[in-house]
Amino acid sequence: MDKKPFIALFICFAVAGTVYTSAQDVNNGKKIYNEYCKTCHQDNGQGLGVVYPPLAKSDYISKTDKQTIIREVVFGKVGKVKVNGKEFNGMMMPLPPKYKDKDISDVISYVFTNFGNKKGKVTEKEVTAAKKKGKIK
Ligand code: HEC
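With the working numbering, letter number 107 in the sequence shown gets 94, and the count goes up by one each step, no holes.
This is the structure:
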């Protein structure tokens, strides 16, 4: 099999990756995911049973505006939510205050650009603006 096209593609992604993301932000996002979000949403964002919805290829993420998701992650989320055809009715706790706006943008960007999601990144400014709007009633 000719591996050249794959290698070329890989180089493209690698170059694009270093141009558009600083490795530090990605590492910080991944670190926070692993120390916090993973407990519930699991290693690869696959979720857990009927309790924790998946983040992997989540149609909820793809169709919900970024501000709403930021506010739900920061202030918590309760009640029914349908993700990839399955209904969940649980509760996500508010994010511990030790995570600063930069941490929040890093971890949400990490989720939005991994696990098969193509939502794009969120900036620290977007997080600050979303937080000002407060909890979703
Ligand atoms: C203590 C468990 C727990 C932790 C930790 C947690 N979540 Fe959640 N998350 C949930 C539950 C439960 C729901 C569904 C809430 C509902 O039923 O409305 C949810 C829903 C979501 C949703 C919307 C539904 C979906 O699957 O697309 C997103 C996005 C999300 N969480 C992201 C995160 C991120 C990012 C983190 C880490 C910063 C995180 N969560 C940490 C339990 C958790």
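Just so it is clear, CB atoms sit at the ideal spot from N, CA and C, and this is done for glycine as well. Keep in mind that this is a model prediction, so the values were computed, not measured.
Here's the rule I'm using: 16 or more other beta-carbon atoms within 10 Å means buried, otherwise exposed. How should residue i be labelled?
{"i": "proline 40", "result": "buried"}
{"i": "serine 49", "result": "exposed"}
{"i": "glutamate 74", "result": "exposed"}
{"i": "serine 92", "result": "buried"}
Under 7 Å from any heavy atom of the ligand HEC, does the C-beta of residue i make it?
{"i": "isoleucine 56", "result": "yes"}
{"i": "threonine 26", "result": "yes"}
{"i": "valine 98", "result": "yes"}
{"i": "leucine 42", "result": "yes"}
{"i": "leucine 82", "result": "yes"}
{"i": "lysine 64", "result": "yes"}
{"i": "isoleucine 48", "result": "yes"}
Would you check if the distance between the CB atom of residue i and the CB atom of residue j is smaller than 8 Å?
{"i": "isoleucine 95", "j": "isoleucine 123", "result": "no"}
{"i": "lysine 108", "j": "threonine 100", "result": "yes"}
Hey, could you find the ends of the alpha helix (DSSP H) residue i is sitting in?
{"i": "glutamate 59", "result": "53 to 62"}
Which residue comes first and which comes last in the beta strand (DSSP E) that contains residue i?
{"i": "glutamate 74", "result": "73 to 79"}
* Asked: Any contact of the stretch 109 to 118 with the stretch 18 to 38, i.e. 3+ C-beta pairs under 8 Å?
  -> Contact between the stretch 109 to 118 and the stretch 18 to 38 is absent, because fewer than three Cβ pairs lie under 8 Å.
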